[in-house]
Amino acid sequence: QGHATAQYNLGRMYANGLGVPEDDVEAVEWYRKASKQGHTEAQTELGRMCEFGLGVAEDDVEAYAWFSVAAAVGGEVARVHRDSIKADLTPSEIAKGQKMAREIFKRIQQ
Numbered sequence: 010q011g012h013a014t015a016q017y018n019l020g021r022m023y024a025n026g027l028g029v030p031e032d033d034v035e036a037v038e039w040y041r042k043a044s045k046q047g048h049t050e051a052q053t054e055l056g057r058m059c060e061f062g063l064g065v066a067e068d069d070v071e072a073y074a075w076f077s078v079a080a081a082v083g084g085e086v087a088r089v090h091r092d093s094i095k096a097d098l099t100p101s102e103i104a105k106g107q108k109m110a111r112e113i114f115k116r117i118q119q
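Numbers given in the working numbering equal positions in the sequence shown, counted from 1, plus 9.
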């Protein structure tokens, strides 16, 4: 646990090389920490990293899950990304992403 906004900001710094060497792997680590604490912008960025394989293996299902979590609490950018990526997923992949999103929500609420 930690300060989610600070963790998100560290993720942005690493993703964009702001004051530190650009490092997508490190960015994903910080976005993931903030995301698990319910930080909507971090969840959106983590989804984007998963979608494009930045710092992690490309995984559209995980991206869909993170976009869904962020969209559910009002993340408009996440909603747009979720709806866009959904068009490229099979019904089975969508179901898997929805299940993953529910599991993420449960962990955040604990």
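Every residue gets a Cβ at the ideal spot worked out from N, C-alpha and C, and that includes glycine.
Model, not experiment: these values are computed from the prediction.
Whole angstroms is fine: what's the gap from residue i's alpha carbon to residue j's?
i: L63; j: S101; result: 24 Å
i: G47; j: E31; result: 25 Å
i: V29; j: E60; result: 24 Å
i: E67; j: R57; result: 10 Å
i: G108; j: L19; result: For clarity, residue 108 is Lys in the given sequence; the question names Gly instead. Spanning the two alpha carbons is a distance of roughly 29 Å.
i: G83; j: E35; result: 27 Å
For the alpha helix (DSSP H) containing residue i, list its first residue and its last residue.
i: Q118; result: P100 to Q118
i: G26; result: Taken as a continuous stretch (DSSP letters only), G26 belongs to no alpha helix (DSSP H), as it is neither H nor E.
Under 8 Å by Cβ, that's how I've got residue i and residue j pegged, so tell me the actual separation to the nearest angstrom.
i: A51; j: Y17; result: 4 Å
i: I103; j: V78; result: About 14 Å; that fails the 8 Å criterion.
Could you tell me whether the Cβ of residue i comes closer than 9 Å to any Cβ of chain B?
i: V89; result: In summary, chain B is missing from the structure at hand, where a single protein chain is found.
*If we count Cβ pairs, one from each stretch, closer than 8 Å, do we get three or more for the region 82 to 91 versus the region 16 to 25?*
The region 82 to 91, when compared against the region 16 to 25, does not touch it at the 8 Å Cβ threshold.
*Tell me the start and end of each unbroken alpha helix (DSSP H) in the region 60 to 91 that is at least 4 residues and wholly inside, in chain order.*
Entirely contained in the region 60 to 91, the alpha helix (DSSP H) runs reaching 4 residues are, in chain order, 69 to 81.
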